[in-house]
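Single-structure report; data block below.
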Amino acid sequence: MKVLPWLLVVALAVVWLYREREIRHEIAALKTTSSTQAATAPDLRALAQNTELAKQGKALFEANCASCHGSKGYGDGPQAATISPKPRNYHTDNFKFGDDVVSIYNTLLKGSPGTSMPSFSLKPPEELFALVHYVRTLIPNPTPTTAEILARLPSTPGAMVIETGPRIPIELAMQRMAVPPETAKPATYVAEHLPGAAIYRQRCAACHGDQGQGAPQQVLSVAPYRYQATASLIESRAAWTHNRNRFAEIVVKGLPGRLMPGSGTLSQKDIDELHRFMISF
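Quick note: the sequence shown uses numbering that gives the first Met the number 0, first residue 0, plus one each step.
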């Protein structure tokens with residue numbers, strides 16, 4: 000019985016020493032992982048100067064950009080006729096945020112508010128700079144890449160702050176994902192007799208679908224294949240359905256950084272008629 004307490008102390012000491020060794024191994028593993036990640040993180044400055052990436056960028060441009068900007072960058076892609084403001088013509092138009100490597104890179108990351116230019120922040124830096132270099136081959140006399148321009152890049156991709164919008168708790172997100180998708184209504188539910196139907200067909204149907212069902216619009220990546228689609232308008236509960244002023248704001252200004260362009264040429268009557276038709280969905 001006298002030996003038992005000592006045996007207990009020895010056992011506790013052995014357990015403590017074993018756990019201490021495990022903690023040290025875990026810390027060492029974390030340090031190794033961090034060092035490996037830091038060593039393998041892409042060098043943005045090197046990518047910004049590697050014009051050979053333009054060869055890879057051509058295929059990426061065809062998959063992600065040509066539908067709006069055209070295969071040669073003249074702003075004459077298949078979707079250009081349905082977009083307002085029109086896609087930029089790289090050969091003649093000035094770039095809103097600049098045509099240097101960093102400005103184009105940031106435009107690809109964040110999109111262009113108030114236009115149909117989306118964010119490509121899901122793509123890796125290598126693909127983004129491949130697109131940057133290819134786009135610059137379509138620009139007459141692009142801004143030379145100088146040390147001052149390169150200094151605007153962060154040392155690692157993670158240091159660049161990308162605005163992703165408001166966030167919701169993961170539990171709520173999972174609940175929403177679990178809700179089965181709404182079934183599209185048959186065409187007979189669409190109020191084609193309303194005056195706004197013609198406006199919708201001309202301005203909105205190309206992106207939102209004939210029945211407001213939504214459709215894929217923008218390829219985000221090829222491997223793995225990912226795309227961005229317009230939301231379904233069927234039985235929507237968004238603010239625009241019961242707030243005419245919010246609807247008018249979206250129609251006139253668009254949704255910054257997303258696929259929704261502005262249509263500032265519509266009259267107040269046109270907007271009212273379009274709203275009346277769209278809530279018929």
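Quick reminder that beta carbons are idealized off the backbone N, C-alpha and C, glycines included.
Since the structure is predicted, the reported quantities are computational estimates derived from the model, not experimental observations.
Cβ-based neighbour list, Arg135, same chain, cut-off 6 Å, excluding 5 preceding and 5 following: Working through the sequence shown from its first residue, we reach residue 135 at position 136. Closer than 6 Å at Cβ, skipping near neighbours: Pro141.
Cα-Cα separation, Phe60 to Gly211: Locating residue 60 in the sequence shown gives position 61, where the first residue counts as 1. Locating residue 211 in the sequence shown gives position 212, where the first residue counts as 1. Distance between the alpha carbons of Phe60 and Gly211: 29 Å.
Quick check: the Cα distance between Leu121 and Tyr104, rounded to an integer number of angstroms? Counted from its first residue, the sequence shown places residue 121 at position 122. Counted from its first residue, the sequence shown places residue 104 at position 105. Rounded to whole angstroms, Leu121 to Tyr104 spans 13 Å at the Cα level.
Quick one: grab the DSSP three-state call for Pro141. As a working note, residue 141 is residue 142 in the sequence shown. In the structure shown, Pro141 sits in coil (DSSP, three-state: anything other than H, G, I, E or B).
Between the C-alpha atoms of Glu191 and Met277, what's the straight-line distance to the nearest angstrom? The sequence position of residue 191 within the sequence shown is 192, counting from 1. The sequence position of residue 277 within the sequence shown is 278, counting from 1. Computed Cα separation, rounded: 10 Å.
Looking at C-alpha atoms only, which residue of Arg20, Pro41, Ala40, Pro84 is the closest neighbour of His68? Locating residue 68 in the sequence shown gives position 69, where the first residue counts as 1. Taking only the C-alpha atoms, the option nearest His68 is Pro84.
Do we get a CB-CB distance below 8 Å when we pair Phe96 with the residues of chain D? Note that chain D does not occur in the displayed structure, where there is just one protein chain.
How many angstroms separate the CA atom of Leu285 from the CA atom of Ser102? There is no way to answer for residue 285, as the model of the chain reaches only from 0 to 280.
Go ahead and pull the three-state DSSP assignment for Asp269. Residue 269 sits at position 270 when you count from the first residue of the sequence shown. Looking at Asp269 - three-state DSSP - the assignment turns out to be helix.
Does DSSP classify Pro215 as helix, strand or coil? Within the sequence shown, the letter at position 216 stands for residue 215. It is a strand residue.
Pairwise C-alpha distance: Ala214 and Ala228: What you label residue 228 is simply residue 229 of the sequence shown in a count that begins at 1. What you label residue 214 is simply residue 215 of the sequence shown in a count that begins at 1. Whole-angstrom Cα-Cα distance: 5 Å.
For Ala230, name the three-state secondary structure that DSSP assigns. The residue given as residue 230 occupies position 231 in the sequence shown. In the structure shown, Ala230 sits in coil (DSSP, three-state: anything other than H, G, I, E or B).
What is the rounded straight-line gap between the Cα of Ile233 and the Cα of Phe280? Numbered from its first residue, the sequence shown carries residue 233 at position 234. Numbered from its first residue, the sequence shown carries residue 280 at position 281. Taking the straight line from one Cα to the other gives about 5 Å.
When you compare each of Ala65, Asp269, Thr144 to Asn88 by their alpha carbons, which one comes out closest? Position 89 of the sequence shown, counted from the first residue, corresponds to residue 88. With distances taken between Cα atoms, Asn88 lies closest to Ala65.
Let's test the definition: count the other Cβ atoms within 10 Å of the Cβ of Gly356 and tell me whether it reaches 16, buried, or not, exposed. Since the first and last residues shown for the chain are 0 and 280, residue 356 lies out of range.
Would you tell me roughly how many angstroms separate the C-alpha atoms of Leu46 and Glu125, rounded to the nearest one? Stepping through the sequence shown from its first residue, residue 46 is reached at position 47. Stepping through the sequence shown from its first residue, residue 125 is reached at position 126. Cα-Cα distance, rounded: 7 Å.
Under 8 Å between the Cβ atoms of Leu137 and His90? Mapped onto the sequence shown, residue 137 falls at position 138. Mapped onto the sequence shown, residue 90 falls at position 91. Taking the C-beta atoms as reference points, His90 is found nearer than 8 Å to Leu137.
What does a CB cutoff of less than 8 Å around Arg151 pick up in its chain, not counting 5 residues either side in sequence? Within the sequence shown, numbered from 1, the residue matching residue 151 stands at position 152. If we look at Arg151 and ignore the five residues flanking it on each side, its Cβ neighbours are Val101.
Under 8 Å between the Cβ atoms of His274 and Arg243? The count along the sequence shown starts at 1 and reaches residue 274 at position 275. The count along the sequence shown starts at 1 and reaches residue 243 at position 244. Contact: yes.
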